[in-house]
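See below for the structure under consideration.
There are 2 protein chains.
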Amino acid sequence: MATNDKIRILCADDHPLVHDGVSFALQFQSDMELVGSAFSGQEAVEQFRKLCPDVTLMDLQMPRMGGLEALVAIRREFPKARIVVLTTYSGDVQAARAISGGAVGYLLKSSLRTELVRTVREVHQGLRRIPPEIADMLATRYDADDLTPREVEILRLVAAGNSNKVVGDRLSISEETVKSHMKNVMEKLAANDRTHAVSIAMKRGFLAI
Amino acid sequence: MATNDKIRILCADDHPLVHDGVSFALQFQSDMELVGSAFSGQEAVEQFRKLCPDVTLMDLQMPRMGGLEALVAIRREFPKARIVVLTTYSGDVQAARAISGGAVGYLLKSSLRTELVRTVREVHQGLRRIPPEIADMLATRYDADDLTPREVEILRLVAAGNSNKVVGDRLSISEETVKSHMKNVMEKLAANDRTHAVSIAMKRGFLAI
DNA sequence: TTTGCGGTCACCCTTTCGGGTGATGCTTGA
DNA sequence: TCAAGCATCACCCGAAAGGGTGACCGCAAA
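So the sequence lines, in the order shown, correspond to chains A and B.
Sequential numbering of the first sequence, starting at 170, is according to the numbering used here.
Sequential numbering of the second sequence, starting at 170, is according to the numbering used here.
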């Protein structure tokens with residue numbers, strides 16, 4: 170009976186050391202229990218289906234299916250799923266997207282153990298635990314600043330060292346169109362030039378590192 | 170007596186969860202002992218001076234002084250220091266540099282717990298524990314492909330959206346000199362243009378993300 | 001001491017970028 | 001239904017980038 174009252178936790182992260190860290194952090198919490206581990210987004214979805222945990226800790230950077238896709242997939246199937254984002258780097262759009270995608274908590278890996286435990290507990294109680302700076306990011310401009318899929322596609326080709334003309338050939342569109350897209354991208358990212366745009370996009374998580 | 174035979178370990182990483190993971194991994198190893206924790210490069214150096222650990226686990230990405238500088242600083246003061254690099258991302262030059270800088274082991278954070286323990290033990294016995302792909306990287310081209318500090322400085326300004334002319338003004342050198350440096354950078358990185366160079370440099374760890 | 005390398009600079013010339021302006025067709029949501 | 005946003009394309013023009021070539025200085029290693 171008492172055992173059933175424990176908060177059942179699933180941890181999805183491709184770093185075993187982080188799993189160990191979570192285990193360590195939870196082992197002294199009598200009201201929590203780590204019931205599953207996943208090392209990829211795909212595995213996270215499978216484990217979620219099997220275990221239906223109360224709280225899921227989800228890293229955003231994982232092999233095969235990324236954390237964001239996994240989060241969305243899980244929420245589509247289980248809209249009540251309570252998922253906490255666990256990320257290395259602060260200030261990227263990935264995080265903002267995760268919140269938009271339905272995450273109810275946000276933890277940096279540099280968080281203290283006590284923060285982890287507190288967040289899990291509060292999220293389980295139904296609260297949302299989003300740091301102000303992330304909430305601001307959503308409120309202010311990141312939502313509007315989002316690049317379209319087409320823009321990201323073009324920016325990726327530009328980052329790979331292709332000129333506007335070559336990008337146009339690759340995508341079977343005119344060079345002028347590519348220029349037009351790049352113009353929009355630079356404006357959205359407040360970049361001085363294409364190089365700046367790529368570096369901003371990489372920093373913010375629009376482009377894979 | 171027996172206690173003194175334990176391998177004394179210092180862990181330097183800005184992620185408390187990783188510390189916890191290391192604690193967890195070590196807690197069942199009777200021949201090892203975690204004697205210190207550092208959360209920045211600077212702190213790592215200070216802790217090393219104070220504790221003189223047998224083995225140091227060092228993350229490369231840390232605030233204030235980076236792991237690489239800390240490693241170099243420690244090795245300069247204590248040439249016999251046995252330092253294992255603990256990194257998130259594989260395949261970057263940072264790792265290769267760390268090896269050049271005197272690291273005797275290299276662990277991905279995605280390593281298994283058993284690998285961590287084994288590496289610590291072997292490194293303490295005097296072995297080097299460098300994965301073949303990293304060793305290859307050193308042997309083949311990364312050594313020659315290294316950018317000079319000046320080139321990195323210029324590339325960083327270019328990544329920030331400055332034109333050659335502006336970079337020249339900032340550094341009080343001619344625009345022509347900047348072009349000359351960028352030419353070399355692009356050749357070394359096998360980049361098509363400056364944008365490509367920046368994206369390659371960020372991927373390889375020349376430029377901070 | 002000579003060689004190499006890093007850092008500095010210059011000139012020329014072609015290609016590419018980036019800004020401005022404007023226009024069309026399609027889809028989607030208010 | 002109508003506005004808004006996305007993707008598409010065109011033309012002009014000045015500014016910047018990039019390729020080639022060559023040169024000088026200082027320092028450190030061979």
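Cβ coordinates follow ideal geometry from the N, Cα and C atoms, glycine included.
Sequence-ordered contacts of the region 174 to 190 of chain B with chain A read Asp183, His184, Pro185, Leu186, Val187, His188, Asp189 and Gly190 [C-beta pairs closer than 8 Å]. Taking Val273/A as the centre and dropping the five residues before and after it, the same chain places the C-beta of Arg251, Val292 and Arg297 closer than 6 Å to its C-beta, in chain order.
Beta bridge pairing from DSSP links Gly274/B with Val253/B and Arg298/B.
The DSSP-derived three-state label of Ser192/B is helix.
By the Cβ test, the region 178 to 187 of chain A is in contact with the region 266 to 284 of chain B, since at least three Cβ pairs between them sit closer than 8 Å. At a C-beta separation below 9 Å, Asn353/B has no neighbours in chain A, since its nearest C-beta there lies roughly 16 Å away. In the DSSP assignment, Arg177/B is bridged to Glu202/B. The shortest C-alpha to C-alpha distance from Gly374/A to any of Asp338/A, Ile243/A, Arg290/A and Ala267/A is the one to Ala267/A. Taking C-beta atoms as the reference points, Arg218/A and Glu202/A fail to come closer than 8 Å. For Val336/B against Val347/B, the beta-carbon gap comes to about 5 Å, under 8 Å, which counts as contact. For Gly274/B, there are no C-beta contacts with chain A under 8 Å, since the nearest C-beta of that chain is about 15 Å from it. Ala207/A sits in a strand when the DSSP states are folded into three classes. In this structure, DSSP gives Thr317/A a state outside helix and strand, which the three-state scheme calls coil. Taking Leu326/B as the centre and dropping the five residues before and after it, the same chain places the C-beta of Val336 and Arg339 closer than 7 Å to its C-beta, in chain order. Val224/B and Thr317/B have their C-alpha atoms roughly 31 Å apart. Chain order gives the chain B residues near Lys278/A as Asp183, His184, Pro185, Leu186 and Val187, where near means a beta carbon separation below 9 Å. A Cβ-Cβ distance of about 11 Å is found for the pair Leu240/A and Leu255/A, leaving them out of contact under the 8 Å criterion. Each residue's CA atom was taken as its position, placing Leu179/B and Gly205/B some 5 Å apart.
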